[in-house]
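> Here it is, the structure in full.
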Amino acid sequence: MSEIITVIAPVNIAVIKYWGKRDEDLILPLNDSVSATLDTNIMCAKTSVCARPEFKEDGIWLNGKKESFYSPRLQNCLREIKARAAAEKSVTEDFLQWKVHVCSENNFPTAAGLASSAAGYACLVTALAKLYKVKSDVSSIARLGSGSACRSVYGGFVRWHAGTNTDGSDSVATQIADQTHWPEMQALILVAGDTKKKTSSTVGMRIAVETSELLKHRIKYCVPQRTEEIIQAIKERDFSKFAEITMKDSNQFHAVCLDSYPPCVYMTDVSHLVSYVIHKYNEISGSIKVAYTFDAGPNACLYLLEKDVPQVISLIRHIFPSSNPDKFVTGLQSKEEALSPVFLSICEPQKQDLIKYVMHTRVGEGPTEIRDGSHLLNEAGLPK
Ligand code: DP6
Numbered sequence: 002m003s004e005i006i007t008v009i010a011p012v013n014i015a016v017i018k019y020w021g022k023r024d025e026d027l028i029l030p031l032n033d034s035v036s037a038t039l040d041t042n043i044m045c046a047k048t049s050v051c052a053r054p055e056f057k058e059d060g061i062w063l064n065g066k067k068e069s070f071y072s073p074r075l076q077n078c079l080r081e082i083k084a085r086a087a088a089e090k091s092v093t094e095d096f097l098q099w100k101v102h103v104c105s106e107n108n109f110p111t112a113a114g115l116a117s118s119a120a121g122y123a124c125l126v127t128a129l130a131k132l133y134k135v136k137s138d139v140s141s142i143a144r145l146g147s148g149s150a151c152r153s154v155y156g157g158f159v160r161w162h163a164g165t166n167t168d169g170s171d172s173v174a175t176q177i178a179d180q181t182h183w184p185e186m187q188a189l190i191l192v193a194g195d196t197k198k199k200t201s202s203t204v205g206m207r208i209a210v211e212t213s214e215l216l217k218h219r220i221k222y223c224v225p226q227r228t229e230e231i232i233q234a235i236k237e238r239d240f241s242k243f244a245e246i247t248m249k250d251s252n253q254f255h256a257v258c259l260d261s262y263p264p265c266v267y268m269t270d271v272s273h274l275v276s277y278v279i280h281k282y283n284e285i286s287g288s289i290k291v292a293y294t295f296d297a298g299p300n301a302c303l304y305l306l307e308k309d310v311p312q313v314i315s316l317i318r319h320i321f322p323s324s325n326p327d328k329f330v331t332g333l334q335s336k337e338e339a340l341s342p343v344f345l346s347i348c349e350p351q352k353q354d355l356i357k358y359v360m361h362t363r364v365g366e367g368p369t370e371i372r373d374g375s376h377l378l379n380e381a382g383l384p385k
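Going by this note's numbering, the first residue of the sequence shown is number 2, and it counts up by one from there.
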């Protein structure tokens, strides 16, 4: 009988976006990408795993629902973990034959462009690696679940190297700097919609690779230079450089989505208004104080320094009034401050609840094992 292993894993939000694969099965990207890993205290996936001789088949429960284990991505992750364990001789032959049970949940909406698959697969793979006592880097295994998941295997600021090998062996994530490097860096996630997106990232990027001329230009000329520059900005804690590159890269990614045929539209009028407001705010402030970035959905992730959070939250509250103001901002505690007329004039208050809520978080560490016994599986290896 094996013990139950429980792990929590973070979300990451890219500042240089991954968009386009050179191999769909192995999930190998066309370009390098860079992200920040966000604090698991605010947003995380939690996964429990165990292997037992008496289990008849592999089983997985996601957010309380039994799902099929026979998805190719899931199968690839489990197969690779077992192959590593066999190569490292970390468990017995018998153990490798036993079936596994997996139970996983997110504490935030799935498939709303909130990087839930990244946290989910990073969590699953880290938990399985601990179960099978795999010691080597597991980012390339998390990548087999969802590309962006490989970046959630590390905390702080992370680079996913596209690599050039056809077997994907050099398509791994590495840490640029850990979560203590730039402690002032925080994020506000503005949830503009939490319904499932129209076109999945997988399909959206396939259409882009097949049809977008702009994507070719982006990969050849823009991303390599931006990647080097943003890594430098992170190392030097140069916020305005970091922010400028982040916004330009998000804009270009969405331009590629529109350049796809048929086009993929992820940003909404609310998203575009957020982008307008941030540019105005930076202009009035006289320096770049906030960066926005949008994934494959309408929600904005704002990166900013801790000192600017009170003013920016007040600005968001002013423009996007909520019917439930006490619950509007969740996560880290922060004071708010009265806005001067020049900021109030950026934009009139909009109709209520265009932004549903805001998650206030910061850069955090990678996946961690939970040892307080709060497993999602009971003694019999079934969901609690
Ligand atoms: C816009 O990692 O979800 O968030 O590899 O097909 O599972 P698959 O795609 P996924 O794509 C994420 C795209 C993005 C940008 C990013 O996170 O870099």
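Ideal Cβ positions, reconstructed from N, Cα and C, are used throughout, including at glycine.
How many whole angstroms separate the CB atoms of Q351 and I320, which I take to be in contact at a CB cut-off of 8 Å?
The Cβ separation is near 6 Å, so the contact holds.
> Distance check for A46 and L39, CA to CA, integer angstroms please.
12 Å
> Select from R23, K328 and I142 the residue whose C-alpha is nearest the C-alpha of E211.
Closest by alpha carbon: R23.
> Just to confirm, are D386 and G156 a CB contact at a threshold of 8 Å?
Because the chain spans 2 through 385 in this model, residue 386 falls outside it and cannot be assessed.
> T48 by DSSP, collapsed to three states: which one?
strand
> Is there at least one non-hydrogen atom of the ligand DP6 closer than 7 Å to the beta-carbon of T203?
yes
> So the beta strand (DSSP E) K336 belongs to, where does it begin and stop?
That residue, K336, is in no beta strand (DSSP E); it is neither H nor E in DSSP.
> CB I232 to CB R144, shorter than 8 Å?
no
> Is the segment 27-36 in contact with the segment 168-176, if contact means three or more CB pairs nearer than 8 Å?
yes
> In chain order, what residues of the same chain have a beta carbon less than 7 Å from the beta carbon of A87, not counting five sequence neighbours either side?
Hits under 7 Å: L97.
> Let me know if Q312 comes out buried or exposed under the rule of 16 or more other beta-carbons within 10 Å of its beta-carbon.
Burial is judged here by how many other beta carbons sit within 10 angstroms of a residue's own beta carbon; Q312 has at least 16 and is buried.
> From the beta carbon of A130, is the nearest beta carbon of chain D less than 8 Å away?
Although the question refers to chain D, the structure presented lacks it and comprises just one protein chain.
> By how many angstroms is the C-alpha of K290 removed from the C-alpha of K308?
10 Å
> Drop a sphere of 10 angstroms on the beta-carbon of G367, count the other beta-carbons inside from all chains shown, and report buried for 16 or more, exposed for fewer.
buried
> Would you tell me roughly how many angstroms separate the C-alpha atoms of E261 and L216, rounded to the nearest one?
Correcting the residue identity first, residue 261 is Ser in this sequence and not Glu. In this structure, the CA atom of S261 is about 9 Å from the CA atom of L216.
> Using a Cβ-Cβ cut-off of 7 Å (strictly less than) and excluding sequence neighbours within five positions of H376, which residues of its own chain qualify?
I5, T7 and S49
> Going by beta-carbon coordinates alone, are F254 and K18 separated by less than 8 Å?
Yes, the Cβ-Cβ distance between F254 and K18 is below 8 Å.
> Quick check on the DSSP output: the beta strand (DSSP E) that includes H162 runs from which residue to which?
Counting along the chain, H162 falls outside any beta strand (DSSP E), and DSSP gives it neither H nor E.
> Could you tell me the alpha carbon to alpha carbon distance between P73 and C302, rounded to whole angstroms?
30 Å
> What separation, rounded to the nearest whole angstrom, lies between the Cα atoms of P225 and K100?
Cα-Cα distance, rounded: 43 Å.
> Please report the residue range of the alpha helix (DSSP H) in which F254 lies.
F240 to D260
> Once DSSP output is grouped into helix, strand and coil, what is the label at L378?
strand
> Ordered along the chain, which non-local residues of its own chain (more than five positions away) have a Cβ less than 6 Å from that of I1?
Look at the range of the chain in this structure, 2 to 385, and you will see that residue 1 is not part of it.
> Tell me whether the beta-carbon of E337 lies closer than 8 Å to the beta-carbon of I314.
Taking 8 Å as the Cβ cut-off, E337 and I314 qualify as a contacting pair.
> Taking the DSSP output, what are the residues bridged to N391?
It is not possible to answer for residue 391, since the shown part of the chain is limited to 2 through 385.
> Can you check DSSP and say which residues form a bridge with F158?
A37 and A178
> Kindly list the residues whose CB is nearer than 8 Å to the CB of G287, restricted to its own chain and excluding five residues on each side of it in sequence; keep chain order.
Annotation for G287: no residue places its beta carbon closer than 8 Å to its own, counting only its chain and skipping 5 residues before and after.
> Can the beta-carbon of L333 be found closer than 8 Å to that of T362?
yes
> Can S118 be considered in contact with the ligand DP6, in the sense that its beta carbon sits closer than 7 Å to one or more heavy atoms?
Yes - the ligand DP6 has a heavy atom lying nearer than 7 Å to the Cβ of S118.
> Do the CB positions of I246 and A234 come within less than 8 Å of each other?
yes
> Reducing DSSP to helix, strand and coil, say where I190 ends up.
Look at I190 here: in three-state DSSP terms it is strand.
> Mapping DSSP to helix, strand and coil, what is K281?
Reduced to three states, the DSSP call for K281 is helix.
> Tell me which residues share the same chain as A256 and place their Cβ nearer than 8 Å to its Cβ, disregarding the 5 neighbours each side in the sequence.
L215
> Identify every residue that forms a DSSP beta bridge with V364.
Answer by DSSP bridge pairing, in chain order: L39.
> Rounded to a whole number of angstroms, what is the C-alpha to C-alpha distance between C348 and M186?
26 Å
> Counting C-beta neighbours from all protein chains within 10 Å, is the total for R227 16 or more, i.e. buried, or is it exposed?
R227 is classed as buried because its beta carbon has at least 16 other beta carbons within 10 Å across all chains shown.
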